[in-house]
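Per UniProt numbering, residue 1 is the first one in the sequence shown, and the count goes up by one each step. Glycine included, C-beta positions come from ideal geometry on N, C-alpha and C.
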Amino acid sequence: MLRVMRASIGTLAALKLKKVKVEALPTTAYFMLGEKCQHDCAFCSQARSSHATPELLSRVTWPQIEEEAVFKALGEEPSEIRRACFQVVRTKESFAEILEKAKKLKEKAAIPLCVSYNVRDAIEAQQIFAAGADHISLPLDGAVKRVYEKVKGKNYEKFYNKLLDLAEKFPGKIGTHLIAGLGETEEEMLKVMDDLLKHRITIALFAFTPIPGTRLEKENPPDIKSYRRIQAGFYLLKKNLKSISEFTFRNGRVVSFGLTREEILEIFQDGEAFRTSGCPDCNRPYYNERPGGVMYNYPRPLTPEERERCLEELLAELEV
Numbered sequence: 001m002l003r004v005m006r007a008s009i010g011t012l013a014a015l016k017l018k019k020v021k022v023e024a025l026p027t028t029a030y031f032m033l034g035e036k037c038q039h040d041c042a043f044c045s046q047a048r049s050s051h052a053t054p055e056l057l058s059r060v061t062w063p064q065i066e067e068e069a070v071f072k073a074l075g076e077e078p079s080e081i082r083r084a085c086f087q088v089v090r091t092k093e094s095f096a097e098i099l100e101k102a103k104k105l106k107e108k109a110a111i112p113l114c115v116s117y118n119v120r121d122a123i124e125a126q127q128i129f130a131a132g133a134d135h136i137s138l139p140l141d142g143a144v145k146r147v148y149e150k151v152k153g154k155n156y157e158k159f160y161n162k163l164l165d166l167a168e169k170f171p172g173k174i175g176t177h178l179i180a181g182l183g184e185t186e187e188e189m190l191k192v193m194d195d196l197l198k199h200r201i202t203i204a205l206f207a208f209t210p211i212p213g214t215r216l217e218k219e220n221p222p223d224i225k226s227y228r229r230i231q232a233g234f235y236l237l238k239k240n241l242k243s244i245s246e247f248t249f250r251n252g253r254v255v256s257f258g259l260t261r262e263e264i265l266e267i268f269q270d271g272e273a274f275r276t277s278g279c280p281d282c283n284r285p286y287y288n289e290r291p292g293g294v295m296y297n298y299p300r301p302l303t304p305e306e307r308e309r310c311l312e313e314l315l316a317e318l319e320v
């Protein structure tokens with residue numbers, strides 16, 4: 001009996017397992033383990049109450065593919081793939097499947113592995129690391145208590161404290177996801193980012209994406225100017241170019257980073273701040289975007305025109 005697993009359509013294109021025209025290939029191979037989650041996050045296509053197709057996670061399609069073919073291609077096919085990532089949908093079988101697939105990947109392909117999974121404790125984390133992962137991301141998603149508990153229905157303090165505890169036990173090996181546009185302010189988002197970075201927690205920033213069939217399907221994605229300010233603040237904090245105390249907020253919105261217009265143009269002119277954030281080599285092409293639509297996270301170096309547009313969006317409402 002052939003065993004199958006789900007891989008993102010871009011991953012299959014990068015591994016030459018499907019002929020698909022894509023504007024940007026992934027540099028990480030993305031796999032989805034499980035479907036129809038036990039949890040009920042309001043934004044997620046895999047949530048318990050979601051009516052979205054099981055092939056979806058965010059905007060990405062995840063076809064089924066023969067497991068052996070995928071691992072063989074990862075080990076043999078020359079490509080731009082430099083990392084693998086398991087996006088885990090929690091089911092009763094999730095943890096055992098992570099260990100099994102991680103060990104098999106390690107046998108077939110010499111690439112690092114990130115597992116996106118809300119581990120129960122440090123014991124589970126240690127087992128996943130022992131199976132071959134080098135990084136575990138626990139998705140916070142909602143930056144602050146009122147947002148987290150509204151969209152995820154879980155206890156914020158319990159999760160946040162577990163995240164910090166794991167970061168202390170496994171320094172530099174723990175990450176999280178944050179979704180902008182769920183109802184938090186820019187000030188709240190950046191202050192949480194600042195705290196996470198101080199604990200050496202890797203942050204993957206996403207833009208909220210309304211998916212048909214989810215409870216938030218009729219909500220709007222974030223304003224691009226607001227998202228650019230969050231990206232810029234995150235970049236300044238991550239690169240230790242500015243401290244949060246140097247930012248000025250008004251009614252929850254960033255109005256100044258403590259930089260002149262000329263300094264902003266110099267720091268952000270290469271466009272790096274506006275690219276996908278997360279684990280090394282993770283570019284998530286069109287996870288939150290439609291080709292030809294608003295680009296929140298660029299999966300590749302920006303063109304001169306794109307850099308100019310991002311700078312205009314960033315500067316639009318700043319006081320410089």
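Among the bridge pairs identified by DSSP, GLY175 is matched with SER137 and THR202. Taking ALA42 as the centre and dropping the five residues before and after it, the same chain places the C-beta of VAL151, THR214, ARG215 and LEU216 closer than 7 angstroms to its C-beta, in chain order. Residues of the same chain with a CB within less than 6 angstroms of the CB of ARG253, apart from the 5 flanking positions on each side, are GLU186 in chain order. Here THR209 carries a coil assignment [DSSP, helix/strand/coil]. SER226: not part of any beta strand (DSSP E); member of the alpha helix (DSSP H) spanning 224-238, first to last residue. Listed in chain order, the non-local C-beta contacts of ILE267 below 6 angstroms within the same chain number zero, local neighbours out to five positions each way being set aside. Exposure of ILE123 is indicated by the presence of fewer than 16 other C-beta atoms within 10 angstroms of its C-beta. In summary, LYS101 is buried, with 16 or more beta-carbon neighbours lying within 10 Å of its beta-carbon over all protein chains present. Using a Cβ distance threshold of 8 angstroms, LYS145 and LEU197 do not count as a contacting pair. Around the CB of ARG250, fewer than 16 other CB atoms lie within 10 Å, so the residue is classed as exposed.
The three-state reading of DSSP puts THR11 in helix, counting H, G and I together. Of the candidates LEU182, ALA7, LEU178 and VAL20, LEU178 places its Cα closest to the Cα of ASP195. Within the model, the alpha-carbon separation for VAL147 versus PRO221 is close to 15 angstroms.
The residue among GLY258, LEU105, LYS19 and LEU12 with its C-alpha nearest the C-alpha of ALA130 is LEU105. GLU66 has its alpha-carbon roughly 31 angstroms from the corresponding atom of LEU205. Counting along the chain, no beta strand (DSSP E) covers ILE128; the unbroken alpha helix (DSSP H) around it starts and ends at 122-131. Excluding the 5 residues flanking it on each side, ARG6 has same chain C-beta neighbours closer than 6 angstroms at MET32, TRP62 and GLN64, in chain order.
Sorting CYS114, MET189 and ARG290 by C-alpha distance to the C-alpha of PRO280 places CYS114 at the top. In the DSSP secondary-structure assignment, TYR30 is bridged to CYS85.
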